[in-house]
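Accompanying notes for the structure given below.
Numbering (my numbering), first residue to last: 105 to 380.
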């Protein structure tokens, strides 16, 4: 694929991943196996309070085609067929759910040295259409996304943004929520040896003039243990410790303290990921 501008959805992704990725305050289990024939099997389960939600995913890769089938705990079956490089730089996927006959959609992703585009079209008589595009280089990307519901003839979303990426830092500015939210983020790698990184995200609501911010850090305690912290203006403090106890197998502990919740101010979660 081309090394052009990142897709619009990835603008600000480095900061978002540091601040929010892998934080989990429930009990989560993930098991993945693969075979030499290209067949992968993944089982995921999450216990939220007294409810258990899970799914089983099978994935088969053959040449340029990938087929994903997911069966969830509600007995719904989701299927996605993806074709890479149908044309140079083009990735195509077709997805549908059973028994929801209105769930079919077609995704197109195109990447070029100076242009990136993602589109989603619902396969119904009155489809929901979404389009996102960026222009620029691998370092600088300027883009926008747009959504339209033909059923109600209404615009469902329009956002725009700019992102700048270097090996040691990344910055982004997004105008989201149909022009009602301005969001800026920044992430900086200070020490490549232990991965010491800090990130900040600031959100400004243009209508209400409210401001929010989140600060976070990440660094490796040793080659197999990662520690992350997070602090927000509301007073919430988050802590994450992730340990790779064997290659590609992880155990992650997350905790969050909220001083505004008197009855249960702390939340603790554990996630186990096994990849034999």
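We treat Cβ as the ideally placed atom computed from N, Cα and C, and that holds for glycine.
Evaluate residue i with the Cβ neighbour count: other Cβ atoms within 10 Å of its Cβ, from every protein chain shown; 16 or more gives buried, anything less gives exposed.
| i | result |
| --- | --- |
| residue 156 | exposed |
| residue 356 | buried |
| residue 291 | buried |
| residue 218 | exposed |
| residue 142 | exposed |
| residue 118 | buried |
| residue 206 | exposed |
| residue 299 | exposed |
| residue 274 | buried |
| residue 305 | buried |
| residue 295 | exposed |
| residue 276 | buried |
Residue i to residue j, Cα distance in whole Å?
| i | j | result |
| --- | --- | --- |
| residue 194 | residue 111 | 13 Å |
| residue 105 | residue 302 | A caution first: residue 105 carries a pLDDT of 44, below 50, which makes its placement in the model too unreliable to give a value. |
| residue 267 | residue 224 | 22 Å |
| residue 127 | residue 293 | 20 Å |
| residue 122 | residue 339 | 18 Å |
| residue 242 | residue 107 | 6 Å |
| residue 343 | residue 332 | 6 Å |
| residue 364 | residue 323 | 28 Å |
| residue 114 | residue 177 | 30 Å |
| residue 313 | residue 249 | 24 Å |
| residue 137 | residue 366 | 43 Å |
| residue 237 | residue 368 | 43 Å |
| residue 310 | residue 285 | 6 Å |
| residue 259 | residue 347 | 44 Å |
| residue 246 | residue 109 | 8 Å |
| residue 199 | residue 182 | 7 Å |
| residue 262 | residue 283 | 7 Å |
| residue 358 | residue 257 | 43 Å |
| residue 233 | residue 204 | 18 Å |
| residue 377 | residue 329 | 14 Å |
| residue 153 | residue 349 | 27 Å |
| residue 226 | residue 370 | 41 Å |
I need the boundaries of the beta strand (DSSP E) containing residue i, first residue and last residue.
| i | result |
| --- | --- |
| residue 143 | 143-152 |
| residue 334 | 329-336 |
| residue 132 | 131-138 |
| residue 272 | Taken as a continuous stretch (DSSP letters only), residue 272 belongs to no beta strand (DSSP E), as it is neither H nor E. |
| residue 159 | 155-166 |
| residue 126 | First-last for residue 126: undefined, no H or E at that position. |
| residue 321 | 315-326 |
| residue 112 | From DSSP, residue 112 is part of no beta strand (DSSP E); its letter is neither H nor E. |
| residue 176 | 169-176 |
On a Cα-Cα basis, can you pick out the residue from the options that is closest to residue i?
| i | options | result |
| --- | --- | --- |
| residue 288 | 315, 236, 301 | 315 |
| residue 352 | 327, 223, 344, 298 | 327 |
| residue 307 | 333, 278, 131, 250 | 278 |
| residue 229 | 239, 209, 244 | 209 |
| residue 132 | 172, 246, 374 | 374 |
| residue 239 | 220, 271, 256 | 220 |
| residue 215 | 190, 158, 275 | 190 |
| residue 251 | 183, 273, 376, 281 | 281 |
| residue 272 | 257, 206, 297 | 297 |
| residue 318 | 329, 148, 270, 335 | 335 |
| residue 169 | 295, 158, 185 | 185 |
| residue 120 | 329, 321, 349, 362 | 321 |
| residue 148 | 139, 158, 140 | 158 |
| residue 337 | 175, 350, 192, 362 | 362 |
| residue 161 | 174, 350, 151, 212 | 174 |
| residue 235 | 244, 201, 212 | 212 |
Could you tell me which residues DSSP pairs with residue i in its beta bridges?
| i | result |
| --- | --- |
| residue 195 | 188, 213 |
| residue 201 | 182 |
| residue 118 | Paired residues: none, contrary to the question. |
| residue 356 | 346, 375 |
| residue 229 | Paired residue(s): none; residue 229 is not in a bridge. |
| residue 291 | 274, 303 |
| residue 263 | 249 |
From the beta carbon of residue i, is the nearest beta carbon of chain B less than 8 Å away?
| i | result |
| --- | --- |
| residue 363 | Although the question refers to chain B, the structure presented lacks it and comprises just one protein chain. |
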